[in-house]
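Per my numbering, the very first residue in the first sequence carries number 77; after that it's consecutive. A virtual CB, placed ideally from N, CA and C, is assigned to each residue, including glycine. Some notes on the structure that comes next.
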Amino acid sequence: MRATDTITVATTRPETMLGDTAVAVNPKDERYKDLIGKTILLPLTDREIPIVGDEYVDAEFGTGAVKITPAHDPNDYQVGERHNLPRLLVMNEDATMNAEAGPDFDGLDRFVARAKVVERFEELGLLERVEDYEITLPVCERCKTIVEPILSDQWFVKMEEMRDMALDLMRTEGVPHFSPQVPHEKVYTAWLENLKDWTISRQLWWGHQIPAWYDAEGNVYVARSEEQAIENAGGRELTQDQDVLDTWFSSGLWAFSTFGWSGDTHVPTDAASASERLADKEEAAENRSLGDKSVPAPAEKNVHSPSDLDVFLPTDVLVTGRDIIFLWVSRMIMLTKKFTGKKAFEDVIVTGTVLGKDGKPMSKSRNNGVDPIDMFDKFGVDATRIYLASIATGADIKWNDIGVETYRNFANKIWNATRFCLMNSEGASISSESLLQQASFSSPPVLGGVAAASADGVVPPEGGTPNFSLADKWIISRLNKTAKAVNQAIDTYQFHEAIQLLYHFFWDDFCDWYIELVKDEITGGDAFTGGKATVRERASDVGEEGTLAYTRVSARSRILTVLEQALRLLHPFMPYLTEELWQKLPGVSNSLHNAAYRSAASTIMLTSFPAGDDALIDEKAESEMQSVIELITKVRNIRAEMNIKAGDRLSIHVAASSEMQAIFTANEAQIKKLARADKIVLGDSLDVPKASARAVLTGGAEIAVPLEGLIDFDKERDRLQNQIEKLDVELQRLNGQLSNANFVERAPADKVQELRGRKEELEQQIITLKANVEALV
RNA sequence: GCCGACUUAGCUCAGUGGUAGAGCACUCGCUUCACACGCGAUAGGUCACAAGUUCGAAUCUUGUAGUCGGCACCA
Numbered sequence: 077m078r079a080t081d082t083i084t085v086a087t088t089r090p091e092t093m094l095g096d097t098a099v100a101v102n103p104k105d106e107r108y109k110d111l112i113g114k115t116i117l118l119p120l121t122d123r124e125i126p127i128v129g130d131e132y133v134d135a136e137f138g139t140g141a142v143k144i145t146p147a148h149d150p151n152d153y154q155v156g157e158r159h160n161l162p163r164l165l166v167m168n169e170d171a172t173m174n175a176e177a178g179p180d181f182d183g184l185d186r187f188v189a190r191a192k193v194v195e196r197f198e199e200l201g202l203l204e205r206v207e208d209y210e211i212t213l214p215v216c217e218r219c220k221t222i223v224e225p226i227l228s229d230q231w232f233v234k235m236e237e238m239r240d241m242a243l244d245l246m247r248t249e250g251v252p253h254f255s256p257q258v259p260h261e262k263v264y265t266a267w268l269e270n271l272k273d274w275t276i277s278r279q280l281w282w283g284h285q286i287p288a289w290y291d292a293e294g295n296v297y298v299a300r301s302e303e304q305a306i307e308n309a310g311g312r313e314l315t316q317d318q319d320v321l322d323t324w325f326s327s328g329l330w331a332f333s334t335f336g337w338s339g340d341t342h343v344p345t346d347a348a349s350a351s352e353r354l355a356d357k358e359e360a361a362e363n364r365s366l367g368d369k370s371v372p373a374p375a376e377k378n379v380h381s382p383s384d385l386d387v388f389l390p391t392d393v394l395v396t397g398r399d400i401i402f403l404w405v406s407r408m409i410m411l412t413k414k415f416t417g418k419k420a421f422e423d424v425i426v427t428g429t430v431l432g433k434d435g436k437p438m439s440k441s442r443n444n445g446v447d448p449i450d451m452f453d454k455f456g457v458d459a460t461r462i463y464l465a466s467i468a469t470g471a472d473i474k475w476n477d478i479g480v481e482t483y484r485n486f487a488n489k490i491w492n493a494t495r496f497c498l499m500n501s502e503g504a505s506i507s508s509e510s511l512l513q514q515a516s517f518s519s520p521p522v523l524g525g526v527a528a529a530s531a532d533g534v535v536p537p538e539g540g541t542p543n544f545s546l547a548d549k550w551i552i553s554r555l556n557k558t559a560k561a562v563n564q565a566i567d568t569y570q571f572h573e574a575i576q577l578l579y580h581f582f583w584d585d586f587c588d589w590y591i592e593l594v595k596d597e598i599t600g601g602d603a604f605t606g607g608k609a610t611v612r613e614r615a616s617d618v619g620e621e622g623t624l625a626y627t628r629v630s631a632r633s634r635i636l637t638v639l640e641q642a643l644r645l646l647h648p649f650m651p652y653l654t655e656e657l658w659q660k661l662p663g664v665s666n667s668l669h670n671a672a673y674r675s676a677a678s679t680i681m682l683t684s685f686p687a688g689d690d691a692l693i694d695e696k697a698e699s700e701m702q703s704v705i706e707l708i709t710k711v712r713n714i715r716a717e718m719n720i721k722a723g724d725r726l727s728i729h730v731a732a733s734s735e736m737q738a739i740f741t742a743n744e745a746q747i748k749k750l751a752r753a754d755k756i757v758l759g760d761s762l763d764v765p766k767a768s769a770r771a772v773l774t775g776g777a778e779i780a781v782p783l784e785g786l787i788d789f790d791k792e793r794d795r796l797q798n799q800i801e802k803l804d805v806e807l808q809r810l811n812g813q814l815s816n817a818n819f820v821e822r823a824p825a826d827k828v829q830e831l832r833g834r835k836e837e838l839e840q841q842i843i844t845l846k847a848n849v850e851a852l853v
């Protein structure tokens, strides 16, 4: 190589060239490969630096030659390590140049030095060109100062072993099981695979100071305490490392340090109390009936007292946010495995991020934050809590006051429904769940409050228990179906689904229908005296008054018991409200508690979570109730569309099968009340005046409401036409599907059958409605 | 640059192969004795766009556009 040859490199920080200790090229680069091993003069200095070959250099990028500044660039540092290059610090900690930069630059600010280097290059004719180039700069979050990479001593944690432990857990056991699994499991695994050693030194004035001490010669002594360090140093005077531990290092110990770990897992604890807690945990797991997660037995039982660590580690589930997975969750997993040999936890639920109203992450600079305290004041703690829980697992959501308001209203609804039940609870009381089991008609009645009330002349009807009404069987079925679905949803961490189910059950089923259906029975209104004929007849010889009272009391106990179960189901999501209301229910006591806690003061917190009972799910009752609901809804629709005044009573004519007639007869009082009718005429066919509004029901039933003088024929025609059109749209689609030979051949038979049934139903309804339209003319 | 997510009614969001849902807002009616933070009845969607797989797609595949996130940022 001739003495005049040059290599051109590019840099965004010209002043760092003063600290260059090599030029690197790609060993495969034809242009430069012969230069490897030679040296080159570094301008502005008197140094001669080597040319090294390193795969790090991308021959395609820039000039294909890179200046190497090991003390001021992380990548260069690694190149330096590979080639044993000196690490020359040319800057002070305040980003001014130091003596190593040479007398011309010593003491200059980096930016001044930068300009001066460029100037000198220009003077020397060494500058090829200056061009604009966009890079991302590391900037101090608080003071906005541009951060310069600089060589310094830091403590690192070797991660290889712990990383492999964590990867092994994921690969062999799938632990932790992330929920939602996608994309977190993949991201977590990829992160671990690329994990580098962990810097735990932090240059902060607060925190846990690193337990390393230095003597005057710079020798290091790591110890648990300063005394021990001094002892290890043979009494020499020591100074402690000024840095503090990364906050996540301390936090990473949390999963097991909270259970009394201190290097010895055989922490002596009160044996009895630990064993009890183990029993409680097992029992709680059973009672929740949320799958068969077993609690691991303490190792070497009977050898030493089980400690909290033995009993509670690993925990079941950790709930956290996305950004915490690397910082904290992974560290807990690795450190726990390393120090205790155990898993930290089985499952990790990753919640979404609550964004500001502008759809961006909340931050002070954007000023789009939501203060939870404001929400508590405005909507209540329970409403805020259930709103947050109602967000789909893992989904980000824009904060929405309307959403919280929805649950504030729900809380109000629960309060008012309970208030209604309590206003009409005289003589009644919660019994155990066994009350609901009477729906199966197999066991003798165990009616809470009945014995006490008997003194007041409340007498059971002859033959024991009153038959449950359709509404009773229906709500009990709905309750148990909901409970089962809620358990399943919680078990799979689908909290939003559980909440949706409970919201619908409580508001629509319980409040809008059940309370309204049994209201008169409970308060002693009209439907009560008119609708319980069978009970009264059976009890004729014990006196009507007593039986009426008995029936009312048992209805009251029934609704309270359903309510009590609903409050339990809602309790995890609305703890304060449900506890408050539960305490007010007559007959609640610690006898309702989970068996392990019978002696504790009564609280809803210690009752078992309703699991739902298949035996109490009654599809027939649900389907029959659906017919009643449909009938009432159709009549209400006629009332609304025909502008019938709320106070006007009307009569309902129904043509239906004998089975359906029987259902409507049994629920006549309730239908009349809720449809605001004073008469129901049931028969095999309709015999009504032309001036009637009509509708069809599922199952071939037909109804008519005579509206002499009230009907608007044009309006009624439009109303019927509108319904026909809607049904026709669906029929057309079904016809299209069913006329497709491929569908009929390949789709599952039951699906085809289902659609055929639906088609027939639609055709029948359309025929009827069309006939109704013609009859109007 | 690499990886990923999201796009459904006016708004905020559910819905992973079989007739599109909720809350709020909108329209109409209601001092119905638990609740107007309520009750009753309506209306409102080519499920971002395109192609493919399938008897059948909001749902599965691929591509496009837009929005957002994570990682790497480089001489």
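Short of 6 Å from the beta carbon of V446, and not among the five residues preceding or following it, lie these beta carbons of its own chain, in chain order: W475.
Within its own chain, the residues whose Cβ lies closer than 8 Å to the Cβ of I506, once the five positions on either side in sequence are excluded, are G524, S633, L636, T637, E640, L661, P662, G663, V664 and L668, listed in chain order.
Q230 carries a coil assignment under DSSP once its states are collapsed to helix, strand and coil.
Taking each of L403, Q840 and Y297 in turn and checking the Cα distance to T323, the smallest one comes out for L403. A547 and L593 do touch by the CB rule: their CB atoms are close to 4 Å apart, below 8 Å.
Residue pairing by DSSP places G129 opposite V101 in a beta bridge. L773 counts as buried, since no fewer than 16 other beta carbons sit within 10 angstroms of its beta carbon. Fully enclosed beta strand (DSSP E) runs of no fewer than 3 residues occupy 753 to 759, 768 to 772 and 778 to 782 of the stretch 743 to 830, in order along the chain. By DSSP's assignment, Y290 forms a beta bridge with V296 and T315. Residue pairing by DSSP puts G397 in a beta bridge opposite T427. Between the stretch 331 to 338 and the stretch 409 to 422 there are three or more inter-stretch CB-CB distances shorter than 8 Å, so the stretches are counted as touching. Note on L200: under 16 other CB atoms within 10 angstroms of its CB, so exposed under the neighbour-count rule. L120 is a Cβ neighbour of L94, given a cutoff of 8 Å. In the three-state reduction of the DSSP assignment, I552 falls in the helix class, which pools H, G and I. When secondary structure is reduced to three states using DSSP, I680 falls in the helix class.
Look at P225 here: in three-state DSSP terms it is coil, with no helix or strand label. Taking all protein chains in view, the Cβ of V395 is surrounded by fewer than 16 other Cβ atoms within 10 Å, so the residue is classified as exposed.
DSSP, read as helix, strand or coil, puts F415 in helix. Scanning E784, A687, G776 and Y673 for the CA closest to the CA of R725 turns up E784. Taking F452 as the centre and dropping the five residues before and after it, the same chain places the C-beta of T460 closer than 7 Å to its C-beta, in chain order. As the crow flies, the alpha-carbon of K262 is around 27 Å from that of N151.
Membership of S327 in the alpha helix (DSSP H) is indicated by the continuous run T323 to S327.
Beta-bridge partners of L117 (DSSP): E124. K474 is bridged by DSSP to L431. Comparing alpha carbon positions, the residue from E792, F789 and V764 closest to I779 is V764. Per DSSP, A732 lies in no alpha helix (DSSP H) segment and is marked neither H nor E. In the three-state DSSP reduction, R725 falls in the coil class, being neither helix nor strand. In this structure, the straight-line span from the alpha carbon of D317 to that of E269 is close to 31 Å. Between L227 and I276, the CB-CB gap reaches or exceeds 8 Å. Secondary structure note for H669: it is in no alpha helix (DSSP H), with a DSSP letter that is neither H nor E.
By the CB criterion at 8 Å, V251 and L243 fall outside the cutoff.
Around the beta carbon of H260, 16 or more other beta carbons lie within 10 angstroms, which makes this residue buried. With a 10 Å radius around the Cβ and a threshold of 16 neighbouring Cβ atoms, H284 comes out exposed. Non-local C-beta neighbours of S501 in its own chain, meaning closer than 7 Å and more than five positions away in sequence, comprise R632, L636 and P662, ordered along the chain. By the 16-neighbour rule on beta-carbons within 10 angstroms, E91 is buried.
Counting along the chain, A141 sits inside no alpha helix (DSSP H); it lies in the beta strand (DSSP E) bounded by residues A141 to I144.
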